[in-house]
Amino acid sequence: MGNKLKPENSNITTIMEFVLLGFSDIPNLQWILFGIFSVIYLTILMCNSVIILITRIDSTLHIPMYFFLNNFSFLEICYVTVTIPRMLMDILTQKGHISFIACATQMCFVLMFGGSECLLLTVMAYERYVAICNPLHYCLVMNHKVCVQLVTASWLSVVPVVIGQTWQIFSLPFCGSNTINHFFCDLPPIFKLACGDTFVNEIAVYAVAVVFIMVPFLLIGVSYGHIISNILKLSSARGRAKAFSTCSSHLTVVVLFYGTASITYLQPKPNQAEGTGKLISLFYTVLIPTLNPIIYTLRNKDIMVALRKLLTKLLT
């Protein structure tokens, strides 16, 4: 695979195109991987689309909890669409060439949707906190206007930060190798290709990761600390079980997503092996989005009841 390079007057070559290696190190499994990832992508699209559909058409689910879940499912579709189709095309063609602009765009959207997911998970935790710890004021606090504002803030607040950071990173000089040992343009492998001192840029990335990963995670932790404390005070065992069941799905998703994202973006660059980074990225970009709709449907009685009602209408 040849490098596409642009000659400069200073005899330094600047990269104009990258090559994503993806899973080219296991050529015998390319078609198997293509089949697996295709099924996974279609599953994510189908399951999240079903959640969006039933939370819209079933009037019993027109409450803040499912309004946020509806937006979360749409966000998941956007998130995986940035990486998986491109990965499937690279597996199919076995080339992996991606232009400088396309690489920057992909990374920008991955970070944007990932940051929005962190914030939306925090909003969902806040909604559960209000519902369990302050139920008498729930309708007042979580009115439709507030819900729309919280979702809008989750989607838009990361946009200027991510665009600014992407511009800063891709303004760095890239010379020498143009090979990215990854299946999409992510921060750690891009930094490894940059020439010169990237210390300031890495500190900026670390600071943003703290703001959009650690701070939301701490807020979620505080919320669930209060939630669990209030649940344990309930006298009814049935009430405790119901309260735990409405929170367990969200808490499971939080632990899975934040755990893998923290390892990738809060770990110092020299400590992250390329193979390990690729494997961890598979978890938070492919595996966890596949598990999320399953977790939210199988562990949620309201969703299952609505799904049965929908299937009954379609089959009769």
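Numbering (the working numbering), first residue to last: 8 to 323. By construction, the Cβ of each residue, glycine as well, lies at the ideal position given by its N, Cα and C atoms.
Buried or exposed by the 16-neighbour rule on C-beta atoms within 10 Å, applied to H69:
Exposed, because fewer than 16 other Cβ atoms sit within 10 Å of the Cβ of H69.
Under DSSP, the beta strand (DSSP E) around S252 begins and ends at which residues?
In the DSSP assignment, S252 falls outside any beta strand (DSSP E) and within the unbroken alpha helix (DSSP H) covering 244-272.
N150: buried (16+ other C-beta within 10 angstroms of its C-beta) or exposed?
Exposed.
Helix, strand or coil for F206 per DSSP?
The answer is helix: DSSP assigns F206 an H, G or I state.
What is the residue span of the beta strand (DSSP E) that S31 lies within?
Per DSSP, S31 is not a residue of any beta strand (DSSP E), being assigned neither H nor E.
Inter-residue CB distance, F79 and N185 (contact presumed, cutoff 8 Å)
That belief does not hold up - the Cβ atoms of F79 and N185 are roughly 36 Å apart, past 8 Å.
Label G42 either buried or exposed according to how many other C-beta atoms from any shown protein chain fall within 10 Å of its C-beta, with 16 as the threshold for buried.
Sixteen is the threshold: since fewer than 16 other Cβ atoms of the shown chains lie within 10 Å of the Cβ of G42, the residue is exposed.
Within the chosen definition, does the region 86-104 reach the region 114-132 through at least 3 CB pairs nearer than 8 Å?
Between the region 86-104 and the region 114-132, the count of C-beta pairs closer than 8 Å reaches three or more; the two stretches touch.
Taking the alpha carbon of Q175 as the point to measure from, which residue in V218, V207, V153 has its own alpha carbon closest?
The shortest C-alpha to C-alpha distance from Q175 to any of V218, V207, V153 is the one to V207.
From T292 to I139, what distance separates their C-alpha atoms?
When rounded, the separation of the alpha-carbon atoms in T292 and I139 is 31 Å.
Given this structure, state the Cα-to-Cα distance separating D193 from H233, to the nearest angstrom.
In a straight line, the C-alpha of D193 is about 36 Å away from that of H233.
Helix, strand or coil, according to DSSP, for T159 in the structure here?
In the structure shown, T159 sits in a helix (DSSP, three-state: H, G or I).
Close Cβ partners of G284 (< 8 Å) along its chain, the five nearest in sequence each way excluded
Its chain contains H189, D193, P195, P196, T271 as the residues whose beta carbon lies nearer than 8 Å to that of G284, once the 5 sequence neighbours on both sides are disregarded; these appear in chain order.
In chain order, each alpha helix (DSSP H) run of at least 4 residues that lies wholly inside the region 124-184:
Those alpha helix (DSSP H) runs which fall completely within the region 124-184 and span 4+ residues are 145-148, 151-163, 166-177.
Can you tell me where the beta strand (DSSP E) holding H104 begins and where it ends?
For H104, the enclosing beta strand (DSSP E) covers residues 104-106.
Between L157, F198, Q156, which has its C-alpha nearest Q172's C-alpha?
Taking only the C-alpha atoms, the option nearest Q172 is F198.
Spatial distance of Y213 from F224 (CA atoms)
Approximately 15 Å, taken between the alpha carbons.
Backbone secondary structure at I70 - three-state DSSP:
Assigned with DSSP and collapsed to three states, I70 falls in coil, not helix or strand.
Please list, in chain order, all residues of the same chain as L60 whose beta carbon is under 8 Å from its beta carbon, the five residues on each side excluded.
Excluding residues within five positions, the ones whose Cβ falls inside 8 Å are L317.
Mind checking Q113: buried by the 16 CB within 10 Å criterion, or exposed?
By the neighbour-count rule (16 or more Cβ atoms within 10 Å), Q113 is buried.
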